[in-house]
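Participant:
In the working numbering, the protein residues as written are 43 to 565.
1. With DSSP run on the structure shown, which of helix, strand or coil describes residue 507?
2. By Cβ distance, which residues of its chain are closer than 7 angstroms to residue 187, with the 5 residues on each side in sequence left out?
3. State the Cα-Cα distance for the pair residue 54 and residue 395, rounded to the nearest angstrom.
4. Return the bridge partner residues of residue 118 from the DSSP annotation.
5. Please determine if the segment 401-412 and the segment 308-319 are in contact, where contact requires at least 3 C-beta pairs separated by less than 8 angstroms.
6. For the segment 432-439 against the segment 161-179, do three or more pairs of beta-carbon atoms, one drawn from each stretch, fall closer than 8 angstroms, so that the two count as touching?
7. Which residue or residues does DSSP assign as beta-bridge partners of residue 206?
8. Taking a contact to mean a Cβ-Cβ separation below 7 angstroms, would you say residue 202 touches residue 218 in this structure?
9. Tell me, to the nearest whole angstrom, how far the beta carbon of residue 310 is from that of residue 366; I am working on the premise that it is less than 8 angstroms.
10. Could you spell out the range, first to last residue, of the alpha helix (DSSP H) harbouring residue 45?
11. Quick check: what's the CA-CA separation for residue 51 versus residue 125?
12. With DSSP as the reference, label residue 103 as helix, strand or coil.
13. Since residue 367 is in the alpha helix (DSSP H), which residue starts that stretch and which ends it?
14. Residue range of the alpha helix (DSSP H) that residue 498 falls in?
15. In this structure, does DSSP put residue 181 in helix, strand or coil?
16. Which residues in the same chain have their Cβ closer than 7 angstroms to the Cβ of residue 519, if we skip the five residues on either side of it in sequence?
17. What did DSSP end up calling residue 389 once you bin it into helix, strand or coil?
18. Provide the residue span of the alpha helix (DSSP H) that contains residue 446, from first to last.
19. Measure from the alpha carbon of residue 290 to the alpha carbon of each residue in 335, 350, 266, 245, then state which is nearest.
20. What did DSSP end up calling residue 452 once you bin it into helix, strand or coil?
21. For residue 444, collect the residues of the same chain with a Cβ closer than 6 angstroms to its Cβ; drop the 5 residues on either side in sequence, then sort them by chain order.
22. Between the segment 383-391 and the segment 416-425, can you find at least three pairs of beta-carbon atoms closer than 8 angstroms?
23. Here's the rule I'm using: 16 or more other beta-carbon atoms within 10 Å means buried, otherwise exposed. How should residue 146 be labelled?
24. In angstroms with no decimal places, state the Cα-to-Cα distance between residue 542 and residue 393.
25. Name the DSSP bridge partner or partners of residue 424?
26. If you follow the alpha helix (DSSP H) that residue 23 is in, where does it begin and where does it stop?
27. Suppose you measure from the CA of residue 497 to the CA of residue 79; what does that come to, to the nearest Å?
28. With three or more beta-carbon pairs closer than 8 angstroms as the criterion, would you say the segment 85-98 touches the segment 115-134?
29. Pairs of beta-carbons, one from the segment 103-118 and one from the segment 321-329, closer than 8 angstroms: are there three or more?
30. Excluding five sequence neighbours on each side, which residues of the same chain lie with their C-beta closer than 7 angstroms to the C-beta of residue 269?
31. Using only the alpha-carbon positions, how far apart do residue 548 and residue 326 sit?
32. Please classify residue 111: is it buried, with 16 or more other beta-carbons within 10 angstroms of its beta-carbon, or exposed?
33. Going by other Cβ atoms of all chains shown within 10 Å of its Cβ, with 16 needed for buried, is residue 45 buried or exposed?
34. So what's residue 405 in DSSP terms, helix, strand or just coil?
35. Under 7 angstroms between the Cβ atoms of residue 551 and residue 195?
36. Only counting runs of 4 or more residues, tell me where the alpha helix (DSSP H) segments fall wholly within the segment 230-280, in order along the chain.
Below you can see the structure in the form of structure tokens.
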């Protein structure tokens, strides 16, 4: 029996979460180091998955399959394609930086505070989320996927509501109320999507007789399983609704700005760079593979919703006064690009969307974590409370600028390649949608450069005159992310080589081919 590598990759952070939570409260530093070591060991396993995966091999590799609930046809089935491997690697890379960035975020509050925050619980919850996200990327049994798709809401709820941002202008009681509101809103939105998906999962079992993604997709392909048109469309909508909430897609996005605003910066990165990727990933793996005809039927409406997300998110980002809310609305705009690329039904669009998931995770992590370091120094999230930071903390300002330039997809930085592919892939099939979506790029330049201008340039405000520059721990967090942004900006081939074969198979699932160019290239 071969070593269950996929199980180990998910089980290690889960066991680490239990061990971290069991560390006595007086050994807070030990809990932090344990969580960091576990996250680095998980990264080593993720790299092993990456090395052992053969892009030119079978669609799902490193597979594991064991009986679980025999009476209902539920199996413990795992397998990864190129898209899953890329996102598992992204998750495993980001978690150690999230832990390092949040090193002091769960330390006890000031003397006399009525809130006590268990440090070990904070890091245990982060590891628990990592484990559940990795299983979600690995699961090829629909029911198994659903369980972890929903279960990750529980640790996220406590991370948002119990370990919120300390920088709040209205005092601790108001801050606690707003954190609770953001956590409950996050939970209710995602639970509503999950309950609708549960009905669709049950409906899929009634139609197919099992939950195996590979078996159902194979039966659909060879004609042994036929779904009525109306049935397929209703099941598709049940799955897509849950994924659109998590993605988040307009108009199901409103939980995200509240959740990111009230979370610590590392938890905000965990939400938008890691957890939300499960939604867009699932659109590719489940919606397109299980319901190809319904996916094509819904494409025009989904593209319009994605386009609204792009423009609406960018417009609202321009007008934000709060740094974290600005990044949240920018992420809504970016997720619009990802979903647009998925449903453009072209190889360029879907390759760009998958690459965008990876690049958005890195760029958002870089920008938000540096913003978190900035906010922790000043004690305020308001843009108006800053000015002239680049004169007193040039390294902080420089890394903030690079993160911002990556957010606006500057050529030479990683998001540019993915955004370019999405737009090209969309334009070849839906030129009007592609042209309108380019306004999102213009707006991204506006909100990013205005944010930098208002916080980093101009006269030095007295409140920031003594602001220290980035410390060693903070540089260890930011520098590798900046290197990745530059490396993948000039050489994205390592990622595209992994994801392109999986994209080609997804295109085959929906029986779509790329449109032929109007002018043939010269031979």
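Ideal placement from N, C-alpha and C gives every residue a C-beta, glycine not left out.
Facilitator: So, from the data block:
1. Three-state result, residue 507: coil.
2. So the qualifying residues of the chain are 178, 181.
3. Rounded to the nearest angstrom, the two C-alpha atoms are 29 angstroms apart.
4. Answer by DSSP bridge pairing, in chain order: 108.
5. Contact holds between the segment 401-412 and the segment 308-319, because three or more Cβ pairs, one in each stretch, are under 8 angstroms apart.
6. Note that the segment 432-439 does not touch the segment 161-179; fewer than 3 beta-carbon pairs, one per stretch, sit closer than 8 angstroms.
7. Residue 206 has 305 as its beta-bridge partners, per DSSP.
8. Contact flag unset, no.
9. In this structure, residue 310 and residue 366 form a Cβ contact; the two beta carbons are roughly 6 angstroms apart against a cut-off of 8 angstroms.
10. Judged by DSSP secondary structure, residue 45 falls outside any alpha helix (DSSP H); it is assigned neither H nor E.
11. The C-alpha of residue 125 is placed about 16 angstroms away from the C-alpha of residue 51.
12. In this structure, residue 103 counts as strand in the three-state DSSP scheme.
13. Following the DSSP letters along the chain, one finds residue 367 inside the alpha helix (DSSP H) bounded by residues 365-385.
14. Annotation for residue 498: the continuous alpha helix (DSSP H) segment containing it runs 481-498.
15. Residue 181 carries a strand assignment under DSSP once its states are collapsed to helix, strand and coil.
16. Cβ-Cβ distances below 7 angstroms link residue 519 to 139, 142, 143, 411 in the same chain, with the five nearest sequence neighbours on each side left out; the list follows chain order.
17. Residue 389: helix per DSSP, three-state reduction.
18. It spans 436-449 - the alpha helix (DSSP H) in which residue 446 sits, taken as one unbroken run.
19. Out of 335, 350, 266, 245, 350 has the C-alpha closest to the C-alpha of residue 290.
20. In the structure shown, residue 452 sits in coil (DSSP, three-state: anything other than H, G, I, E or B).
21. The beta carbon of residue 444 sits closer than 6 angstroms to the beta carbons of 524 from its chain, once the five residues preceding and following it are set aside; these are given in chain order.
22. The segment 416-425 vs the segment 383-391: no contact.
23. With fewer than 16 Cβ atoms within 10 Å of its Cβ, residue 146 is classed as exposed.
24. Their Cα atoms are separated by approximately 6 angstroms.
25. Answer is 364, bridged to residue 424.
26. Here the chain has residues from 43 to 565 only, and residue 23 is not among them.
27. Taking the straight line from one Cα to the other gives about 35 angstroms.
28. In short, these stretches touch, since the Cβ pair count reaches three.
29. Touching, no, given that fewer than three Cβ pairs across the two stretches are closer than 8 angstroms.
30. Cβ neighbours of residue 269 beyond the five flanking positions: 249.
31. The C-alpha of residue 548 lies about 7 angstroms from the C-alpha of residue 326.
32. When all chains shown are included, residue 111 counts as exposed.
33. With fewer than 16 Cβ atoms within 10 Å of its Cβ, residue 45 is classed as exposed.
34. When DSSP states are grouped into helix, strand and coil, residue 405 belongs to the helix group.
35. Pairing residue 551 with residue 195 gives a Cβ-Cβ distance that is not under 7 angstroms.
36. Those alpha helix (DSSP H) runs which fall completely within the segment 230-280 and span 4+ residues are 255-264.
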